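Heads up, the thing below is written out as C-alpha cells.
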Amino acid sequence: MIKFLIKSVTVICIGFELAVCAPLVLASPALEAFNSDHFAEAKNLFAQQLQQPENKKSALYYLASVEQSLGNFDKALALTNEALAIEPKLAEEYLLLGKIYGAKAQSASIFTALGLAKQCLSSFEKGYNIDPNNINVLEALIDYNLYAPSIAGGSKDQHDKYLTELKKISPDLFSIKEIEMYVQQKEQEKSLHLAKDLYTKKPSDMKVRFSLGHYFKESKSYAEAEDLYEQLIAVPITPGMARDDRWLITDSYLQLGEVFLLTNKNLGRGISLVEDFQHKNLDPRHIHYFWSFWSLAKLEKENGNIEQYRNIVAKINSMNYKSDKYFAKEFEAATKS
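Numbering (the working numbering), first residue to last: -12 to 324.
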C-alpha cells in the first residue's frame, strides 16, 4: 500500500512533469530563458528582479520553479512560501507548492511520503479555494482523488465533484479525465469508446492531443497515436511559447519515435525523432531523459545497428540512471547478461 502510494504521488503531483507555470509576468528575457530550460540564465535574471517590488512576487515564483526543475526542493519550497506571503495569494502558487511536495515524496521514506502526499493535497485544495475555475488545479485534484488511496486523502466523491466542475470549463479535458478514470477502473471498452469519440472531434488543445496520443499508444491503437504525435511535432516552437507547450511538442518527438519502435516501421525516422528529442530537451531531470537513451538503443538494435545499440547501453551504464528507480528496474532486467 505505502509503496504504491509513493509511486502514485509521483504520478499525481508530477504528472507529465509540466511546470504548470502561470503567466505571472509579461514576456521577458528571464521568462524566455525559463521557458527554454536555460535555468542558470533564468535564475540570474529573475534574481535581479527581486529588488523590484512590482516584480518580486512573480520572480520568487519562477525562481521556485527553476529550483524545482533542478531538484532543489527545499529551496523551491522556501521560495514558494515567500511568494505566498505576498498578497494576493495565487492558485498557481499553491499548485506549484503541491507539485514540490510530490517531487520530494519520490526520495522520501515510506511514512514521510505519506505526510508529503497530504501536504500535496492540501496545497491543491487551497489553490482551488482561491480559484475554483483554474483548470490546472482542477486537473491536479481530479488526478489525486482518482489515484491516491483513502489513507492519503483520496476520495471518489471529491474526484466526481472536481470532474463535474472541469466539464463546465473544458469538455475535451473532461473527456480525457473520464478516459483515465475508466482505465483506472479497467473498463477498457468504455475508455476506448470515449477516446475514439474524442479523436473524431479533432481536439485543438495540445494537452488534450498529447494525453489522447498517450492513451492510444498504451492501448496499442498505434495509427491514432501516430497521427496525434505527428500533429504535435508539426507545431513550431517559437519565442514566447510557454514551457508547458514546448514540453508537449518536444516529448512528442520521443513518443512518435517509440510508436515506430513498437510497430517496427520507419525505424530510421524513429531514430532521428528520438535524437531530435534529445537535442531539444535541455533538462537532464526530464522524466523521460534516461528512457530516451533506452528507446534509441532499442531502435538501433531493431534497425540492425548492434554496435550502436551496445554503445548506447554502455553510455547509459556510465550515467546516474539509478536516480530513476523505475527506469533502472526495466533497464537492468532487459540488459542483464
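All C-beta atoms, glycine included, are put in the ideal place defined by N, C-alpha and C. Model, not experiment: these values are computed from the prediction.
In this structure the stretch 277 to 290 lies against the stretch 245 to 265, because at least three pairs of beta carbons, one per stretch, are closer than 8 Å.
Contact fails between the stretch 233 to 247 and the stretch 33 to 53, because fewer than three Cβ pairs, one in each stretch, are under 8 Å apart. In the structure shown, Ile224 adopts coil according to DSSP, grouped into three states.
Rounded to whole angstroms, the gap between the alpha carbons of Ala229 and Asn304 is 34 Å. Bounds of the alpha helix (DSSP H) holding Ile156 are 143 to 156. Relative to Tyr186, the option among Ser162, Ala27, Tyr169 whose CA is nearest is Ser162. Per DSSP, Arg272 lies in no alpha helix (DSSP H) segment and is marked neither H nor E. If you draw a straight line from the Cα of Asn132 to the Cα of His266, it comes to about 36 Å. When secondary structure is reduced to three states using DSSP, Leu254 falls in the helix class.
Proximity of the stretch 152 to 167 to the stretch 135 to 144 falls short of the contact definition, fewer than three beta-carbon pairs being nearer than 8 Å.
DSSP places Gln38 in the coil class of the three-state scheme, outside both helix and strand. Between the C-alpha atoms of Tyr296 and Glu165 there is a straight-line separation of about 39 Å. By the C-beta criterion, the stretch 191 to 208 is judged to be in contact with the stretch 231 to 241, since at least 3 inter-stretch pairs fall below 8 Å. The residue from Gly89, Ser96, Thr99, Ala100 with its alpha-carbon nearest to that of Leu128 is Gly89. Ala51 is not a Cβ neighbour of Leu71, given a cutoff of 7 Å. No Cβ-Cβ contact shorter than 7 Å links Phe60 with Tyr49. Judged by DSSP in its simplified three-state form, His25 adopts coil rather than helix or strand. The residues Lys62, Ala63, Leu66, in chain order, have a CB closer than 7 Å to that of Glu54 in the same chain once the five nearest residues on each side in sequence are set aside. Excluding the 5 residues flanking it on each side, Ile299 has same chain C-beta neighbours closer than 7 Å at Phe280, Leu283, Ala284, Glu287, in chain order. Gln35 sits exposed, since fewer than 16 C-beta atoms from the chains shown fall within 10 Å of its C-beta.
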